[in-house]
Every structure is written in C-alpha cells, then in structure tokens.
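Contents: one structure, followed by commentary.
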Amino acid sequence: MVETKNKTTKSVTKKPAKRKRAKAKKNLVIVESPSKAKTIEKYLGSSYKVVASLGHIRDLPKSTLGVDVEHDYDPKYINIRGKGDVIKGLRKEAKAAKKVYLASDPDREGEAIAWHLQHILDLDPEEPNRVVFNEITKDTIKNALKTPRKINQDLVDAQQARRILDRLVGYSISPILWKTVKRGLSAGRVQSVALGLIIARERKIQAFEPEEYWTLDSEFKKSRSKFKSSFYGFDGKKQPLPDNDSVQNVFKRIDQAADFNIIKVEAKERKRNPQQPFTTSTMQQTANTQLNFRTRKTMMAAQQLYEGVNLGRGIGQIGLITYMRTDSTRISSLARNAAALYIHDTWGEEYSQHKPIQGKLPEGAQDAHEAVRPTDVARTPESIKDKLTPDQFKLYSLIWSRFVASQMTPEILDTMAVTIEQNDVIFRANGSKTKFQGFTKAYPAAKEKDNALPDLSEGDKVKLINTNPEQHFTLPPARYSEAALIKALEENGVGRPSTYAPTLDTIQRRNYVRIDARKFVPTELGEIVQTIVEESFPDITDTHFTASIERELDEVEIGDKHWVPVIDSFFKPFSKEVEQAEATLEKVIMHDELAGMNCEVCGAPMIVKMGRYGKFYACSRFPDCRNTQTIIKEIGLLCPKCHKGQIVERKTKRQRTFYGCSRYPDCDFVSWDKPTEKTLSDGTTPKTDKNGVTA
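Following this note's numbering, the residues of the sequence shown are numbered contiguously, the last one being 1239.
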C-alpha cells in the first residue's frame, strides 16, 4: 500500500497594485526671452513653469505683401519660419497646464505677441490671462499674477496698424528703388525721415559760408589775484568785433598801463535742479555722449539688466532695472520713498528732496509705465560691479546715478558777474563756485566746474596784464551724432522708443550713411534714394506728416480711433503716388569713380565700387576680370611697433574705423584711436591687448 502525503499549500494574497499619483498640473507663464524665463521661474516656485516664445511667433509673410488692401487691410499672418519647434513645444506645455499666463513685454509689441500666442494656443479671448510688470522682482511678479487681465485689443490694433503701415510703405517703394537704382534697397516711414534729417543737415553744411569774427580775452590783476574777462562793448552796449580793425579800435581807446575800474558787481545764488530719470531716448542720448555707446549697444545692455543678472549665492538671477522702453518720467511712490530713505541715510536730510520735481511729458508720450530706474536703489553699482560685464556696469551706474539724483535737492552755486571799465570800454568777467553739491553728490557728471573770481567790489582798481585777440570764423551746423539724431526725431514726434535703434541700424546697413568721427555722413547712394523718395512720396519724408501718423496711432492705442480708417486715409493717396512713380521714374545711372590706377591682372582701369562693407577697388572689366583691392588710406605716420610699415585707416564689418600697420599680418599693431605724431613720440599711444586691439 502506497502512502500518499498530502501537501498543504499556503494561500498567497496579492497586494493591490499602487496607483500612480497623477502629477499636479502646473501654471504656465510664457515670456519672450529665456533669460527672463529663468529669472521669473526662480521667484514663482514649483507650481509654475516659465517658458519663452523667443519673440514673435507670427508675422506677415516676407515673400508677399500679406495685406488685403481691398478688404479693410486684413493682415495675412503666418507662423514665422524656423519657429515650428517653438510653437509645437508651447502647444504641448499649454495643453498640459492648469492655467496659461501671457507675460510678454508691457508695450504695444508685447501686447501683440500675447495676442498671437492666444491665437496659436487656442486660448479663450475672454479669459483674463494677460499679466504685465514693469520690473522683474519677486513682489512685482507675484502681484502681477494676482491681477491678470484680458488682452487689450486697442494696444494690439495700434501695433498692428504700425506694422501694416510700414509693410505698405516698404513693399511699395522698395521695388521702385530696385528698378531705378539697384536691388536690396529699402525705404520706410521713420527711416526716410531720419535719412532726410541727415541729408538736410549735410546740405546746410555744404551751403554754409563762414563769417569772420574776433574775440578779445584779457587777464586782470588785483593785488596778487588774477582773473580772466572778455571784451563786452562800448558805453554799456554790447559790441561785436567783426574784424581786426574793430579790435585795434578797442586798443586805441584804452590805456593798457592805467588802472581799470570795477563799476558793477552782481553776486547771486543760483540753483540747478536735477534732471528727470531716464526715458528710453534720453538714456540712449546720454549713453552715447557720456559712455560713447552706440544705440544698439545701449539697448542690448539695458535688455540684459532688465531681464536679470545672476548676483550669486543668496540672491541669484534678478532684474536690475525697470522696463527700458518708455517715454515716461513717472516714478512709483514705493521707488520714490526708497530713494528718499537711501539719500537720507547716505548723505543726510539736506540732500533729500521733499517734493521731487515732476517732469513734463513730451507731446504724444504714453505714460504706460515708469521711467528707466533701478529696481532696488540700495543695490549700488559698486556693490555688484564684480557680477556685471563692463558695459552692464557702466550703463547701470548711469541709470542708478540719474535716478538717485532726480530725487535730490538742487545744486547751489554762488555766482558773480563783474563789469570792468576804462574810457567807456567795457570788459566783463563771470565766475561761479559750488556752495552746496545737492544732486551732483550722486551724479558727478552733471557738476559744473568751479570758476571762482577773487574778492572784488565796486570801486576797486585792477590792472590789465594780458590781452589775447583771436580771429575766428563761424562754423557750419554740426553733423548729427546718434544722440543728436535721436533727440531730433523725438522733438519732431517721429518714431517711438523701440524704433530708434533699428532705424539707425538700417540706414547704416543699407549704406545710406557712414560714420565719420561718430557723426552721420550721407553717402551718394543715400542721397540718390532720398531724392527719389522726396520727389515721388513727399509725405513719407515730411516730419509733420509722419508725426501726425504717430499721434493717430496713439489715439488708436487709447481707443479713440479705429485702426482701419487711419491706414485708409494714408494709403489711398499714397497708392496713387506709387502708380505715378512706377510709370514715370527712369533708371538712375550711377557713374563709377576712377581709382587712378590700372588693374595689376589685366591692365584695365580700376574703379571704386560700393560693397556691403563700404568702398573697394574693382577692375572695370568685371565680370571678365574679378580682381579687387581693399582701399587703404595712409595717415602719414610710421608704425610705432615695427618701424617699417605705414599706419593705415581700416574699417570693421560694422563700419567702425580703426588704425593698423600696413604690414599686417607681419605686424599686428592696431588701435581704435587715431595715432598722432605726439602720441607716437611720447609713448602715449593706447596700449593693445594680446590680440593687438586697444582696450
């Protein structure tokens, strides 16, 4: 009998599988740049994701006009080429998000970007998902997200109207320029006015006839004290000195060995008020004059300061200035109070302005947000210098100083005006001395130099110890620098803060102007293009007309006008001018300039041609002979490094002038500053870095 063994089996109870927790949806914030996204995400924490659209994602097509002029100028927007992956990523993030916030820049352009994003991402237009902030700081960002609003269609329409106007002008005039001059040219509303101002100034310079005049500066002495004065006139009346005969007449009437009498002394106290904090254009102008920054360089550094700079452990990425595209000088009460506290603690109560002066907004200015100022006045330039690039530090110092100074008390000066007389011949001396520094304590660049006179009283006798008659000639008006041109455009109401930098860049890239000694000089091509535009499309180059268009766009922005009639009132007469120009304008023949030498390859005459980066020598038998040469301009000095080559003037690709040795690359001497006999003889030529470029 076989015994069987019963096996007992243990019952195994399976544990129920753990359910994966669904990830909590995050709020999505869309900004324009990755740098800004990085700064903002740090403030918002783990419940938010911040991504960048990298600027515009939709625009008018480049290949066609893209505007239906027959149906209320309906724009035909398309997704920008190359933005496919960005759009795909944004759609994916938006679909997975709990809520989407559109946080592009706080201006017309930013509002339009938000509007295009709303369309691309199929967001509800009635949903309040637009957030704006004037500065990238933690409290500002969090407060903005608490109060989202709907997209402002009036702002969008104002941007859209400007974009369509510029497209209609550019795509109508440019083909005419291609046909009559050469391909690759362009014209635009603000661009044509800017070029027109430069050319008008050049015409005045060419037509200018200098006039002779003289000055008679003199030095007087009282006891051991000397002071300078200038001839004023006769018998108490101002008298010009047009020639040497009039100077000799002064000498005939005075006895240089006899005493002169102090007949009047006016001592006054004068106050100098601080300037307002920066708008975009005043920032661009001041950076150009004080820092020698080109407009594009200024805006690039300002963008970086606004979007955020990493200040290291404990602080991280933070925005250092408020939004840099503004034409307002308004300051928030919080910023004003913080500045007052800083000034009081740093320099004392007497430097803190109890009622800071309010600036008057320029005509047409949009007081949408504040002036350009530091986000935290206690964050001084010196305290963060090691975290900034040299350009960032220079610009931040300028913005910080100007803002702090604007909230300070006036500078007080003791002034003295002295009238000196002998035989009814009048000399005058003016002096001033700082009594109280006021706002210049924070903004030394604005301080006036002291020119103190000795202690003088009415009835004093003084001796004439020296005279210096000098012949002069009146000078023509100065060419426009970048700062002066921006100021002129602003004063004429042409363009807006965001348009100045690209406008100046365009007229240089098109070779309509060149830069000489930091001033704009029109080229032959620029004058030809401007003449065609002036004669065929007079409204485009008229500053008053262009300014009136800007005012109408401002009315669209605040909802007082609809954008379609604004464009219609411009385009209907303009289109007739286009038709007439197409029918009547003939090809402009640009005669080649002979170079004065023959081609070293084929012996034909060489000519001067205009290329993308300026003029160069080319063979007149092109395309049969393709020989070219760089135009080298010697300045008549021997290279201080190799003592063999000549110093020659050259141009960078951005048309900036520099100086180098003609034996390059055998000799690598390079200098941004023009060497002179003095700098070469006394060894003060700027030192070069390891690449041979001066710092």
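Where a beta carbon is used, it is the ideal one built from N, C-alpha and C, also for glycine.
- Leaving aside the five residues that flank residue 1090 on each side, the residues in its chain whose CB is nearer than 6 Å to its CB run, in chain order, 733, 737, 1038.
- Rounded to the nearest angstrom, the gap between the Cα atoms of residue 679 and residue 867 is 6 Å.
- Non-local C-beta neighbours of residue 1190 in its own chain, meaning closer than 6 Å and more than five positions away in sequence, comprise 1178, 1206, ordered along the chain.
- Here the alpha carbons of residue 669 and residue 584 stand approximately 24 Å from one another.
- Counting along the chain, residue 1064 sits inside the beta strand (DSSP E) bounded by residues 1063-1066.
- Under the Cβ criterion (8 Å, minimum of three pairs), the stretch 835-847 does not count as touching the stretch 810-820.
- As DSSP reads the structure, residue 1004 sits in no beta bridge.
- Less than 8 Å separates the beta-carbon of residue 622 from that of residue 602.
- In the three-state reduction of the DSSP assignment, residue 629 falls in the helix class.
- Contact annotation: residue 827 and residue 928 have beta-carbon atoms that are not nearer than 8 Å.
- When DSSP reads this structure, residue 1161 sits in a beta bridge with 1152, 1173.
- Rounded to the nearest whole angstrom, the CA to CA distance from residue 1101 to residue 1025 is 31 Å.
- Distance from the CA atom of residue 1016 to the CA atom of residue 1076, rounded to whole angstroms, is 39 Å.
- Annotated as distal: residue 1148 and residue 1170, with beta-carbon spacing of 8 Å or more.
- With a threshold of 16 other beta carbon atoms within 10 Å, residue 722 falls short and is exposed.
- Shortest Cα-Cα distance from residue 842 to any of 1044, 978, 1116 involves 1044.
- Nearest to residue 1033 by C-alpha distance, out of 591, 802, 824, is 824.
- Secondary-structure assignment with DSSP links residue 862 through a beta bridge to 853.
- When 639, 742, 1185, 948 are compared, the shortest CA-CA separation from residue 1067 is found for 742.
- Residue burial annotation: residue 691 is exposed, with fewer than 16 other C-beta atoms found within 10 angstroms of its C-beta.
- Check the Cα spacing between residue 739 and each of 1188, 1048, 1112, 1096: the tightest is with 1048.
- Annotation: residue 1168 is outside any beta strand (DSSP E) and is labelled neither H nor E by DSSP.
- Considering only 948, 878, 931, the residue with the shortest C-alpha distance to residue 817 is 948.
- In the three-state scheme derived from DSSP, where H, G and I count as helix and E and B as strand, residue 676 is classed as coil.
- Inter-residue distance for residue 1019 and residue 754 is about 6 Å (C-alpha atoms, whole angstroms).
- Using a Cβ distance threshold of 8 Å, residue 1002 and residue 806 count as a contacting pair.
- Beta-bridge partners of residue 995 (DSSP): 976.
- Secondary structure at residue 1015: strand, using DSSP grouped into helix, strand and coil.
- In this structure, DSSP gives residue 1102 a state outside helix and strand, which the three-state scheme calls coil.
- Rounded to whole angstroms, residue 879 and residue 701 show a C-alpha spacing of 32 Å.
- The stretch 694-710 and the stretch 650-664 touch, with no fewer than 3 CB-CB distances between them shorter than 8 Å.
- When the five nearest sequence neighbours on each side are left out, the beta carbons in the same chain lying within less than 8 Å of the beta carbon of residue 718 are those of 729, 730, 731, in order along the chain.
- Annotated as proximal: residue 994 and residue 977, with beta-carbon spacing under 8 Å.
- Minimum Cα-Cα distance from residue 772 among the listed residues 1204, 997, 1217 corresponds to 997.
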